[in-house]
Amino acid sequence: MSRNLTLYQVSPRLAEKVFGSIDEFNRGRTNANGCYAISMATAYRPYYGFWRIFPNVQAPLFIRTLAVTFDTASERAFALLQNCNIRLEAFDNQIFESYYGSSDDMIPFGKYRGKRMSEIYYIDPSYVLWLANKFQPEQKRYEPLAEKAKLFARVHFELTVQKRHISSVSRNVGQVGETLRELFLTVLGVRFQVDTYKPDFYVDQSVLAADRDGNRFVFTIKAGGRSLSPNALSCHSLKITPHGMLHLSSARVMSHYESHGVRYTRLGYVKIAR
Numbered sequence: 245m246s247r248n249l250t251l252y253q254v255s256p257r258l259a260e261k262v263f264g265s266i267d268e269f270n271r272g273r274t275n276a277n278g279c280y281a282i283s284m285a286t287a288y289r290p291y292y293g294f295w296r297i298f299p300n301v302q303a304p305l306f307i308r309t310l311a312v313t314f315d316t317a318s319e320r321a322f323a324l325l326q327n328c329n330i331r332l333e334a335f336d337n338q339i340f341e342s343y344y345g346s347s348d349d350m351i352p353f354g355k356y357r358g359k360r361m362s363e364i365y366y367i368d369p370s371y372v373l374w375l376a377n378k379f380q381p382e383q384k385r386y387e388p389l390a391e392k393a394k395l396f397a398r399v400h401f402e403l404t405v406q407k408r409h410i411s412s413v414s415r416n417v418g419q420v421g422e423t424l425r426e427l428f429l430t431v432l433g434v435r436f437q438v439d440t441y442k443p444d445f446y447v448d449q450s451v452l453a454a455d456r457d458g459n460r461f462v463f464t465i466k467a468g469g470r471s472l473s474p475n476a477l478s479c480h481s482l483k484i485t486p487h488g489m490l491h492l493s494s495a496r497v498m499s500h501y502e503s504h505g506v507r508y509t510r511l512g513y514v515k516i517a518r
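What follows is the structure, encoded as structure tokens:
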């Protein structure tokens with residue numbers, strides 16, 4: 245990814261951190277079908293946009309705004325694409341500037357008359373999917389609108405349905421019973437779960453993570469103490485945050501399994517490096 249970008253109110257240190265996160269996020273992802281893109285903020289457009297660039301479509305597709313800071317914008321893009329295997333890039337806003345005023349996605353009829361398709365997709369994606377799959381343009385001037393809706397339908401598939409059908413590069417790591425050491429993992433998701441074998445609320449964290457090669461790991465971080473609620477961690481527990489980096493000094497391979505075409509390595513006896 246090019247680093248020759250115009251940075252608006254972004255320190256070099258923060259930019260380096262965000263670009264590093266994007267590079268880490270892109271490991272195992274492909275640009276064979278184009279990419280998603282973050283448009284950089286400018287003095288005139290002080291927000292970061294989220295776009296889809298298709299390989300055989302001239303105009304990029306504006307999906308939504310992300311945030312007014314680079315780090316928050318990247319985190320939201322990661323969340324949208326967390327299980328999509330398409331790469332994320334960052335480009336200067338000048339690449340997209342000429343497309344902001346385009347009217348080819350303006351709805352001229354119905355309950356959303358006068359609204360842009362990106363606005364409608366944000367609040368009512370089912371309407372855009374109806375345009376993509378059911379709308380039959382009776383006038384030639386509506387044909388580009390139908391084509392635009394089909395592009396949004398592809399985006400919808402990539403951001404939702406495809407989350408459970410990943411073109412995965414993940415492989416099983418280690419042998420069952422083997423102790424792995426010095427694992428550096430990116431946290432993909434965290435779920436709280438109550439230890440039902442204890443009488444009080446001991447809230448564990450079920451973690452999904454991946455290494456730099458895209459291999460998926462699942463493991464549980466046990467509660468550091470009793471909680472007052474089943475929905476909150478103990479103050480003695482180390483909170484695991486999505487998209488953060490986790491350093492495991494050691495962990496034992498408990499099992500291997502496959503789900504929806506993705507291979508996972510289940511870990512136990514996990515020790516986190518402090």
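Here the sequence shown stands for residues 245 to 518, where the numbers follow the numbering used here.
Beta carbons are placed, not taken as given, at the ideal position from N, Cα and C, and that holds for glycine.
Since we're looking at a predicted model, the values are computed, not measured.
Comparing the CB of K355 with every heavy atom of the ligand PLP, is any distance shorter than 7 Å?
No copy of the ligand PLP appears in this structure; indeed no ligand is present at all.
What's the call for D457, buried or exposed, on a 16-neighbour Cβ count within 10 Å?
exposed
Spatial neighbours of F428 within its chain, please: C-beta separation below 6 Å, excluding the five flanking residues on both sides.
H491
Same chain only: Cβ atoms within 7 Å of V431, ignoring 5 sequence neighbours per side
V451, A453, I484, T485, P486, H487, G488 and L490
Between the C-alpha atoms of H504 and Q253, what's the straight-line distance to the nearest angstrom?
42 Å
CB L389 to CB D348, shorter than 8 Å?
yes
For the putative contact between P299 and N277, defined by C-beta atoms under 8 Å, what is the C-beta separation to the nearest angstrom?
6 Å
Against chain B, does D336 count as a neighbour if the rule is that its beta carbon must be under 8 Å from one of theirs?
This model lacks chain B altogether, as it is built from one protein chain only.
Taking 7 Å as the limit between beta carbons, can you name the residues of its chain near D444, skipping five residues before and five after?
R470
So for S414, helix, strand or coil by DSSP?
coil
For the beta strand (DSSP E) that E260 lies in, which residues bound it at each end?
E260 -> not in any beta strand (DSSP E); alpha helix (DSSP H) instead, spanning P256 to F269.
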